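Residues 3 to 122 (our numbering) are what the sequence shown spells out, left to right.
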Amino acid sequence: MPKKRNVILFIQDILEAIGNIEEFTRNMGFKEFIADKKTRDAVVRNLEVIGEAAKNLPDEIKQEYSEIEWKAVTGMRDKLIHEYFGVSNPIVWETVTNDIIIFKKQIKVILERENETKNQ
3 MPKKRNVILF IQDILEAIGN IEEFTRNMGF KEFIADKKTR DAVVRNLEVI
53 GEAAKNLPDE IKQEYSEIEW KAVTGMRDKL IHEYFGVSNP IVWETVTNDI
103 IIFKKQIKVI LERENETKNQ
């Protein structure tokens, strides 16, 4: 049986995926984004990773950090994976340019606190 991953690894996965999205879309506007299939696909893949990692976080973490809209995060992943044909580029772009900035700050706080707890 594989060893269970710890919370910090899932949080690091989320931050890495956010970093990838930021790198892929740096200096890009919406028109460039929708015209660049590789970037769109890479961003969608990293949003899926974020949702999957969030889905694997223990309920205690989600309850402790209830200000984060976990259902929206995991719901986005489900929609991207199961309804890939209906992916809305404007919604993805809105997520990338607005929501992810706030989410990144929230996730960094969780990582800091979890690292502090681990090191006590």
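Even glycine gets a Cβ: it sits at the ideal position worked out from N, Cα and C.
Every value quoted in this text rests on a predicted model; they were computed, and no experiment measured them.
1. What are the boundary residues of the alpha helix (DSSP H) that P60 is part of?
2. Where G77 and D38 are concerned, what is the direct C-alpha to C-alpha distance, given to the nearest angstrom?
3. Which one of W95, I23, L59, V94 has the shortest CA to CA distance from L113?
4. Rounded to the nearest angstrom, what separates K106 and N121 at their Cα positions?
5. Take N117 and list the residues in its own chain whose beta-carbon comes closer than 6 Å to its own, dropping the five residues that flank it on each side.
6. Can you round the beta-carbon distance between F26 and V45 to whole angstroms, since I take them to be within the 8 Å contact cut?
7. Taking the alpha carbon of W72 as the point to measure from, which residue in G88, A55, T41 has its own alpha carbon closest?
8. Over what stretch of residues does the alpha helix (DSSP H) that includes T97 continue unbroken?
Inspection of the coordinates gives the following:
1. Counting from 1 along the sequence shown, the entry for residue 60 is found at position 58. Per DSSP, P60 belongs to no alpha helix (DSSP H) and is neither H nor E.
2. Stepping through the sequence shown from its first residue, residue 77 is reached at position 75. Stepping through the sequence shown from its first residue, residue 38 is reached at position 36. Their Cα atoms are separated by approximately 25 Å.
3. Here residue 113 refers to the residue found at position 111 of the sequence shown. When only C-alpha atoms are compared, the closest one is L59.
4. Here residue 106 refers to the residue found at position 104 of the sequence shown. Here residue 121 refers to the residue found at position 119 of the sequence shown. If I take the Cα positions, the gap works out to 22 Å.
5. Numbered from its first residue, the sequence shown carries residue 117 at position 115. Answer for N117: no residue qualifies.
6. In the sequence shown, counting from the first residue as 1, residue 26 sits at position 24. In the sequence shown, counting from the first residue as 1, residue 45 sits at position 43. At roughly 6 Å, the Cβ-Cβ gap stays under 8 Å, so F26 and V45 are in contact.
7. Reading the sequence shown from its first residue, position 70 is the one you call residue 72. Looking at the Cα atoms, A55 is the closest of the given residues.
8. Along the sequence shown, one-based indexing puts residue 97 at 95. Run containing T97: none; DSSP gives neither H nor E here.
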